[in-house]
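In this note's numbering, the protein residues as written are 1 to 262.
Yeah, the Cβ is synthetic: ideal placement off N, Cα and C, and Gly gets one too.
Quick caveat: nothing in here was measured; it's all calculated off a predicted structure.
Accompanying notes for the structure given below.
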């Protein structure tokens with residue numbers, strides 16, 4: 001549901017502070033000289049800034065639990081602890097857990113406030129094998145019928161052989177697959193879906209779940225029995241315990257000025 005300030009506004013609470021009009025990125029809220037809200041324009045994109053910054057809560061938003069936000073060091077530890085997991089327990093991921101895991105999608109930022117992210121959930125190894133693994137194995141076998149795919153696969157040659165032989169190194173027997181997609185015609189759709197999936201993968205770490213990004217299924221989704229997706233996560237309960245953290249990867253910091261990168 002897209003937020004509508006006009007429908008939510010409680011005029012009796014308004015103190016004429018004018019903040020809602022000031023923070024509106026689309027100039028959708030009109031105020032009089034005293035700051036009192038007098039009208040709402042059709043340019044509203046439903047971003048919710050007006051309600052978020054209103055000190056009188058004229059728009060009926062839930063209380064902001066900022067006191068529960070983790071400290072900077074705690075959040076950094078969470079980021080550093082997140083690693084891909086490809087070995088899962090033979091334990092299903094309950095639907096109630098999935099709902100909790102996906103709650104960040106409703107708060108995920110989108111380009112142009114487009115919203116509209118859809119998450120398709122495939123539960124159960126048998127169903128995942130039917131919709132995802134088996135069609136991809138069949139495709140690999142067709143492409144590699146004369147071993148041409150293996151010939152040009154390079155470092156992935158062993159992986160092609162395993163897939164051709166029916167071994168699931170596609171979803172790694174994950175009990176749950178999440179497919180993220182944005183509406184057609186959304187120019188930032190792929191980025192929006194990736195951001196949503198990233199937020200979910202971080203929450204999964206905090207919930208004791210393991211995930212890995214499945215680029216193979218994402219790229220090949222047009223050939224599978226699922227709709228084309230912009231991001232794919234495989235999810236399950238980790239089989240193995242992590243004892244150490246992987247060192248940080250090299251990356252480049254640039255301030256856009258010559259000689260100031262590190």
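Within a Cβ cutoff of 6 Å, which residues of the same chain sit near residue 21, ignoring the five residues on either side of it in sequence? Counting only Cβ-Cβ distances below 6 Å, and skipping sequence neighbours, we find 29 and 31.
For the beta strand (DSSP E) holding residue 232, just list the boundary residues, first then last. Per DSSP, residue 232 is one residue of the beta strand (DSSP E) stretching across 231-236.
Between residue 77 and residue 90, what straight-line distance do the alpha-carbon atoms span, to the nearest angstrom? C-alpha separation (whole angstroms): 28 Å.
Bridge partners of residue 29, per DSSP? Note: residue 29 sits in a beta bridge opposite 40.
Residue from 210, 50, 118 and 55 whose Cα sits closest to the Cα of residue 195: Nearest C-alpha to residue 195 among 210, 50, 118 and 55: 118.
For residue 203, count neighbouring C-beta atoms within 10 Å of its own C-beta (all shown protein chains included) and say buried if the count is 16 or more, exposed if not. Within 10 angstroms of the beta-carbon of residue 203 lie 16 or more other beta-carbons, which makes it buried.
So residue 178 and residue 233 are in contact, right, with Cβ under 8 Å, and what is the actual spacing, rounded? Contact holds; Cβ gap of about 4 Å.
Compute the Euclidean distance between the alpha carbons of residue 46 and residue 106, then round it to the nearest angstrom. Rounded to whole angstroms, the separation of the alpha carbons of residue 106 and residue 46 is 13 Å.
Is the Cβ-Cβ distance between residue 97 and residue 238 less than 8 Å? Residue 238 sits away from residue 97, with the two beta carbons spaced by 8 Å or more.
Rounded to whole angstroms, what's the CA-CA distance from residue 42 to residue 165? Just pull it up for me. In a straight line, the C-alpha of residue 42 is about 58 Å away from that of residue 165.
For the pair the segment 186-201 and the segment 114-128, tell me if three or more CB-CB distances fall below 8 Å. Result yes; three or more Cβ-Cβ pairs closer than 8 Å.
What span of residues does the alpha helix (DSSP H) with residue 164 cover, start to end? Start and end: 157-164.
Work out the CA separation of residue 19 and residue 5 for me, nearest whole Å. Looking at the two C-alpha atoms, the distance is approximately 14 Å.
Pairing CB atoms from the segment 61-74 with CB atoms from the segment 209-229, are three or more of them under 8 Å? Contact check between the segment 61-74 and the segment 209-229: fewer than three CB pairs, one atom from each, fall below 8 Å, which does not count as touching.
Can you round the beta-carbon distance between residue 80 and residue 245 to whole angstroms, since I take them to be within the 8 Å contact cut? Right, the Cβ-Cβ distance comes to about 5 Å (below 8 Å), so this counts as a contact.
Relative to the C-alpha of residue 181, which candidate in 162, 110, 70 and 168 has its C-alpha closest? Among 162, 110, 70 and 168, the Cα nearest to that of residue 181 is on 110.
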